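Heads up: the sequence shown at position 23 corresponds to 77 in this note's numbering, and the numbers run straight through without jumps.
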Amino acid sequence: VVVALAREIPGLKVNVPDGAFYLFPEVSAYIGRRFGDRVIKDSGDLALYLLDEAHVATVDGAAFSLPGYIRLSYATSDDNLREAFRRISAALARLV
């Protein structure tokens, strides 16, 4: 479910995880974009933006030696995942 939801969002590059309950989408398509005066300089900025604008907590992939990625946990219900990805998609669509 989570891979399908993530793959629906333009700009996210997603691989199927090997059995963990974390997804690490590559988010470089959003680096350099902006929302108002806010510029997304790296995956850490994107993680903070998603927290502020989508109210979805993600983790900067740089904390796992994966700059340019974010980490998403999918240890929750399918309904919660659908809502989270709806919010993420809407927030990312606002970046220009």
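Backbone N, C-alpha and C fix where the C-beta goes; we use that ideal spot for every residue, glycine too. Just so it is clear, the structure is predicted and the values come from calculations on it, not from any experiment.
{"Check": "Within its chain, find whatever has a CB closer than 8 Å to the CB of arginine 148; leave out the 5 residues flanking it on each side and keep chain order.", "Outcome": "Phe89 and Glu107"}
{"Check": "Within 10 Å of its beta-carbon, does phenylalanine 139 have 16 or more other beta-carbons around it, so buried, or fewer, so exposed?", "Outcome": "buried"}
{"Check": "State the Cα-Cα distance for the pair serine 119 and glycine 98, rounded to the nearest angstrom.", "Outcome": "12 Å"}
{"Check": "According to the neighbour-count rule (16 or more other Cβ atoms, all chains shown, within 10 Å of its Cβ), is aspartate 132 buried or exposed?", "Outcome": "exposed"}
{"Check": "Can you tell me the Cα-Cα spacing of alanine 101 and glycine 73, whole angstroms?", "Outcome": "23 Å"}
{"Check": "For arginine 87, which residues in the same chain have their Cβ closer than 7 Å to its Cβ, ignoring the five residues on either side in sequence?", "Outcome": "Ile94, Leu149 and Val150"}
{"Check": "With C-beta atoms as the reference, is leucine 135 less than 7 Å away from valine 56?", "Outcome": "yes"}
{"Check": "Apply the 10 Å Cβ neighbour rule to arginine 125 and answer buried if 16 or more other Cβ atoms are within range, or exposed otherwise.", "Outcome": "buried"}
{"Check": "Per DSSP, what kind of secondary structure is valine 93 in: helix, strand or coil?", "Outcome": "strand"}
{"Check": "Taking 6 Å as the cut-off, is the C-beta of lysine 95 nearer than that to any heavy atom in the ligand FMN?", "Outcome": "The ligand FMN is absent from the structure shown, which contains no ligands of any kind."}
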